[in-house]
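Right, one structure below, let's go through it.
Residue numbers (this note's numbering): 5 to 229.
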């Protein structure tokens, strides 16, 4: 049975904004205050995961020198300062992709980002009027790779999974979109390799949002046939 595409649902970190270098800086700066290192391997281990996961990871790394609450604020306060300084960059093709989505579909945001950072990103980029539904992992008990956040966005947009397109860059994000039974367009992270079996589960795999219009057209044509 063919389904008409009615909704586009975006992830944020690594898909719309190039936030990973800023996350790295914030965590590295915090570790330096404790005379500890934050390595590339540490960064990879904490990319695209729910807030609680990376807090637990840092807590083990600092061996309890700081509380989990202190770690959360130590990182996010630094992130907020960097965001407000305008040190965040958009990923290629973002403006065009959001314009296309807004003009033709219902639009959702389903991000694993810490809610306060999501709010700042929305304000800095003037994106609030673009999204019909906005959720972060802090709004649900289970984060990605569980499908909960995508299913909730679809519910609020009043669309079925097969009427939805999910755009994701991370392993857990792609898994979440697939588990939600949506049409998943994967734009794999350049920072950390996404396993082939995860990429193979996506409906389409592209290099950047610059290819989104073409792939969306293919998906619409496929559903019409």
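Every residue, glycine too, gets a C-beta built ideally from N, C-alpha and C.
Beta-carbon proximity of residue i to residue j, cut-off 8 Å
i: residue 154; j: residue 184; result: yes
i: residue 230; j: residue 186; result: What is shown of the chain runs 5 to 229, which leaves residue 230 out entirely.
i: residue 182; j: residue 114; result: no
i: residue 142; j: residue 55; result: yes
i: residue 83; j: residue 174; result: no
i: residue 163; j: residue 134; result: no
Strand pairing of residue i, partner residues [DSSP]
i: residue 112; result: 13, 137
i: residue 57; result: In DSSP, residue 57 forms no bridge with anything.
i: residue 190; result: 172, 209
i: residue 21; result: 17, 94
Close Cβ partners of residue i (< 7 Å) along its chain, the five nearest in sequence each way excluded
i: residue 98; result: 20, 213
i: residue 76; result: 59
Cβ shell of residue i (< 6 Å), same chain only, five flanking positions each side left out
i: residue 5; result: Note that residue 5 scores 48 on pLDDT, short of 50, meaning its location in the model is unreliable and no value can be drawn from it.
i: residue 148; result: 116, 176, 177, 180
i: residue 49; result: none
i: residue 152; result: 144, 146
Residue nearest to residue i in terms of C-alpha spacing, selected from the options
i: residue 219; options: 105, 48, 47, 46; result: 105
i: residue 42; options: 53, 188, 58; result: 58
i: residue 86; options: 45, 163, 27; result: 27
Local Cβ density within 10 Å of residue i, reported as buried at 16 or more and exposed below that
i: residue 146; result: exposed
i: residue 8; result: exposed
i: residue 24; result: buried
Other residues of its chain near residue i: CB distance less than 8 Å, five sequence neighbours each side excluded
i: residue 38; result: 66, 69, 70
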